[in-house]
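Asker:
2 protein chains.
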Amino acid sequence: MEAYQQSKLNRIKRGANRGTYDVEKINTILDAGFICYVGYIYDEKPITIPMAYSRREDKIYIHGSTANRMLVSILESGETSITVMHLDGLVLARSGLHHSVNYRSVTLFGSLKKVEKDTDKTDILKWIVNQMVPNQWESIRPMHQKELDRTLIVEFTIETASAKVRDVGVIDEPEDYDLDVWAGVVPIKQVAEFPISDEGKPKNMEIPKHVLDYYEANK
Amino acid sequence: MEAYQQSKLNRIKRGANRGTYDVEKINTILDAGFICYVGYIYDEKPITIPMAYSRREDKIYIHGSTANRMLVSILESGETSITVMHLDGLVLARSGLHHSVNYRSVTLFGSLKKVEKDTDKTDILKWIVNQMVPNQWESIRPMHQKELDRTLIVEFTIETASAKVRDVGVIDEPEDYDLDVWAGVVPIKQVAEFPISDEGKPKNMEIPKHVLDYYEANK
């Protein structure tokens, strides 16, 4: 499958020229982040919860305590959606109307399943930790069984999705280009600062290569 | 009012030690950002839309086209919530379970109203633009009436809210501190890069002081 099918659920109406249903483009946006916004309905209200995630093929994995109200609720109702957004710039135009931001965002709809098998759960937790910092899982101690038992992992299969990307400069009304008003883009990005070692033993340990690599790639 | 009242809607259950209902703390988190995540229900599914916002006292203002499906829907149903999150760090622990992130997040519940008066709408658009970059509104051309006419502004009055903040180091199991595993925090922040002037006239104009000030404060 190369593009998600359009339906009334995922079809982009506002700014359709910035929309895409392309699977590879959507996956690239998902793989550039590790925090998603999960929607659920509580007491008739839509509530959004930020969560860590990992993607593998057409699956998104999220996790929490077995008592997590939101995870239990979406597993029961099957009703959720997942949004990921990266902010890339402030678009400062000559008029208020044309102010905007540059961004890459994705909205996903799909079905939900609880992951039951311990070996699957362990693999998925590894993917989630490594989506945050590559190779981090390999440096820590293995999960205890009792930790695994109280971790709820939800597998979300993407059934339909859309992305919106704005990555161009200022677009003003033709007549406004003559005004004595500065316009431009302020690029925005998320960066890492130098790792701070925890008190105790790590103070005397070198920061591992994979953490320094993460810092170098994101500073 | 100094703290929002707790109800089943806003009471924090997971990680209650990190929760607060303090109005001033919640406002400080809101004022540190300009992108919020607005929830709405479409076809029984909770969907989350990122939007620019501004806060004034207990009001959050969001805007869009008069045809914006989400804004029209939440005005009709009254059912929404607003989430803001700032990511501050990666918490790399000795065990998978204690991996976490440092963050400041807020969830707001309240009532909705369409803003009708043109003078109010203009004031609010100024606040929204200036929440992104202070003093930016004062440097651009005034709104045309037809632009104002096709802009829908929604006033959200905060009725109850909660915040969650994690801003500490690694917290591991006592016995894990003896392991030969490095642990620590990688601070994360959102930064601005040097402004890129638009083609044409602005190429020959100096970047205005308020834009350079924004860059200096956020680089």
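Protein chains in written order, with our numbering: chain A, 1 to 219; chain B, 220 to 438.
Yeah, the Cβ is synthetic: ideal placement off N, Cα and C, and Gly gets one too.
#1: Comparing C-alpha positions only, which one of Met-304/B, Lys-428/B, Asp-395/B sits nearest to Glu-357/B?
#2: Verify whether the separation of the beta carbon atoms of Tyr-37/A and Ser-162/A is less than 7 Å.
#3: Compare the C-beta of Gly-19/A against all C-beta atoms of chain B and say whether one is closer than 7 Å.
#4: In terms of residue numbering, what span does the alpha helix (DSSP H) encompassing His-363/B cover?
#5: Please report the Cβ distance between Leu-9/A and Thr-160/A, rounded to the nearest whole angstrom; I am assuming they are in contact, meaning their Cβ atoms lie under 8 Å.
#6: Could you compute how far the alpha carbon of Val-191/A sits from the alpha carbon of Val-389/B?
#7: Answer with yes or no whether the minimum CB distance from Tyr-40/A to chain B is below 7 Å.
#8: Measuring CB atoms only, is the segment 315-329 of chain B touching the segment 131-149 of chain A, in the sense that at least three cross pairs come out at less than 8 Å?
#9: Identify whether His-86/A lies in helix, strand or coil by the three-state DSSP scheme.
#10: So with Cβ pairs under 7 Å, would you call Lys-209/A a contact of chain B?
#11: Using a Cβ cut-off of 8 Å, pull out every chain B residue sitting near Lys-59/A, in sequence order please.
#12: Would you mind listing the beta strand (DSSP E) stretches within the segment 79-132 of chain A that are 3+ residues and don't spill past its ends, in chain order?
#13: Between which residues of its own chain and Asn-287/B is the CB-CB distance below 7 Å, once the five residues before and five after are set aside?
#14: Our contact map puts Thr-326/B next to Ser-300/B with C-beta atoms below 8 Å; I'd like the distance itself, whole angstroms only.
#15: On the three-state DSSP scale, how would you describe Thr-247/B?
#16: Please report the Cβ distance between Asn-79/A and Ile-41/A, rounded to the nearest whole angstrom; I am assuming they are in contact, meaning their Cβ atoms lie under 8 Å.
#17: Using the DSSP secondary-structure output, state which residues sit across from Tyr-272/B in a beta bridge.
#18: Whole-angstrom Cβ separation of Glu-155/A and Tyr-4/A, contact assumed at under 8 Å?
#19: Just to confirm, is the Cβ distance from Gln-131/A to Phe-34/A under 7 Å?
#20: What residues are listed by DSSP as bridge partners for Thr-267/B?
#21: Does Trp-182/A have its Cβ less than 7 Å from a Cβ in chain B?
#22: Chain A beta carbons: is any one of them nearer than 7 Å to that of Thr-267/B?
#23: Are the segment 205-219 of chain A and the segment 173-185 of chain A touching by the rule of at least three beta carbon pairs closer than 8 Å?
#24: Are the C-beta of Arg-360/B and some C-beta of chain A separated by less than 7 Å?
#25: Can you list the residues of chain A that Asp-368/B reaches, using a CB-CB cut of under 7 Å?
#26: When DSSP labels each residue in this structure, what does Glu-221/B get in the three-state scheme?
#27: Could you spell out where the alpha helix (DSSP H) holding Lys-428/B opens and where it closes?
#28: Which term fits Ser-226/B, buried or exposed, when burial requires 16 or more other beta carbons within 10 angstroms of its beta carbon?
#29: Run through DSSP, which three-state label would Leu-152/A get?
#30: Please list, in chain order, the residues of the segment 189-205 of chain A that have any C-beta partner in chain B closer than 9 Å.
#31: Would you give the residue range spanned by the alpha helix (DSSP H) that Ile-74/A belongs to?
#32: Less than 7 Å between CB atoms is the rule here; does Gly-110/A satisfy it with respect to chain B?
Answerer: On the basis of the supplied data:
#1: Mapped onto the second sequence, residue 357/B falls at position 138. Looking at the Cα atoms, Lys-428/B is the closest of the given residues.
#2: Mapped onto the first sequence, residue 37/A falls at position 37. Mapped onto the first sequence, residue 162/A falls at position 162. Cβ distance not < 7 Å, so Tyr-37/A and Ser-162/A don't count as in contact.
#3: Reading the first sequence from its first residue, position 19 is the one you call residue 19/A. Taking 7 Å as the CB threshold, Gly-19/A stays off the interface with chain B.
#4: Here residue 363/B refers to the residue found at position 144 when the second sequence is read from its first residue. DSSP places His-363/B in no alpha helix (DSSP H); its state is neither H nor E.
#5: Residue numbering aside, residue 9/A sits at position 9 when the first sequence is read from its first letter. Residue numbering aside, residue 160/A sits at position 160 when the first sequence is read from its first letter. Indeed, because the Cβ distance is near 6 Å, the residues count as touching under 8 Å.
#6: Position 191 of the first sequence, counting from 1, holds the residue named residue 191/A. Position 170 of the second sequence, counting from 1, holds the residue named residue 389/B. When rounded, the distance between both Cα atoms is 20 Å.
#7: Within the first sequence, residue 40/A is the residue found at index 40, counting from 1. Judged by the 7 Å Cβ criterion, Tyr-40/A is in contact with chain B.
#8: The segment 315-329 of chain B vs the segment 131-149 of chain A: in contact.
#9: Working through the first sequence from its first residue, we reach residue 86/A at position 86. Here His-86/A sits in strand by DSSP.
#10: Position 209 of the first sequence, counting from 1, holds the residue named residue 209/A. Interface criterion not met: the Cβ of Lys-209/A is under 7 Å from no Cβ in chain B.
#11: Residue numbering aside, residue 59/A sits at position 59 when the first sequence is read from its first letter. Within chain B, no residue has its CB atom less than 8 Å from the CB of Lys-59/A, the nearest being about 19 Å off.
#12: The qualifying runs are 81-92, 100-114.
#13: For this step, residue 287/B is matched to residue 68 along the second sequence. So the list reads Leu-371, once near-sequence residues are dropped.
#14: Position 107 of the second sequence, counting from 1, holds the residue named residue 326/B. Position 81 of the second sequence, counting from 1, holds the residue named residue 300/B. About 6 Å separates the beta carbons of Thr-326/B and Ser-300/B, which is inside the 8 Å limit, making them a contact pair.
#15: The count along the second sequence starts at 1 and reaches residue 247/B at position 28. Secondary structure at Thr-247/B: helix, using DSSP grouped into helix, strand and coil.
#16: Against the first sequence, residue 79/A aligns to sequence position 79. Against the first sequence, residue 41/A aligns to sequence position 41. The displayed chain sequence assigns Glu, not Asn, to residue 79/A. Glu-79/A to Ile-41/A, Cβ: 6 Å. Contact.
#17: Stepping through the second sequence from its first residue, residue 272/B is reached at position 53. In the DSSP output, where bridge partners are listed per residue, Tyr-272/B has none listed.
#18: As a first step, residue 155/A is located in the first sequence; it is residue number 155 there, counting from the start. As a first step, residue 4/A is located in the first sequence; it is residue number 4 there, counting from the start. Rounded, the Cβ-Cβ distance is 18 Å, inconsistent with contact.
#19: In the first sequence, counting from the first residue as 1, residue 131/A sits at position 131. In the first sequence, counting from the first residue as 1, residue 34/A sits at position 34. Taking C-beta atoms as the reference points, Gln-131/A and Phe-34/A count as a pair closer than 7 Å.
#20: Position 48 of the second sequence holds residue 267/B. Its beta-bridge partners are Gly-258/B.
#21: The residue given as residue 182/A occupies position 182 in the first sequence. With its beta carbon less than 7 Å from one in chain B, Trp-182/A belongs to the interface.
#22: In the second sequence, counting from the first residue as 1, residue 267/B sits at position 48. By this cut-off, Thr-267/B is an interface position.
#23: These segments do not touch.
#24: Within the second sequence, residue 360/B is the residue found at index 141, counting from 1. Interface residue, yes.
#25: Numbered from its first residue, the second sequence carries residue 368/B at position 149. What Asp-368/B touches in chain A: nothing, since even the nearest Cβ is about 11 Å away.
#26: Here residue 221/B refers to the residue found at position 2 of the second sequence. The answer is coil: DSSP assigns Glu-221/B none of H, G, I, E or B.
#27: Taking the second sequence and counting its residues from 1, the one referred to as residue 428/B is at position 209. Where Lys-428/B is concerned, the enclosing alpha helix (DSSP H) stretches over 428-437.
#28: The count along the second sequence starts at 1 and reaches residue 226/B at position 7. Burial state of Ser-226/B is exposed, judged by a 10 Å Cβ sphere holding fewer than 16 other Cβ atoms.
#29: By one-based count along the first sequence, residue 152/A stands at place 152. Leu-152/A: strand per DSSP, three-state reduction.
#30: For the segment 189-205 of chain A, residues whose beta-carbon sits nearer than 9 Å to a beta-carbon of chain B comprise Lys-189, Gln-190, Val-191, Ala-192, Glu-193, Phe-194, Pro-195, Ile-196, Ser-197, Asp-198, Glu-199, Gly-200, Lys-201, Pro-202, Met-205.
#31: The sequence position of residue 74/A within the first sequence is 74, counting from 1. Segment 69-77, the alpha helix (DSSP H) holding Ile-74/A.
#32: Position 110 of the first sequence, counted from the start, is the residue given in the question as residue 110/A. Chain B, which has no Cβ nearer than 7 Å to the Cβ of Gly-110/A, makes this no.
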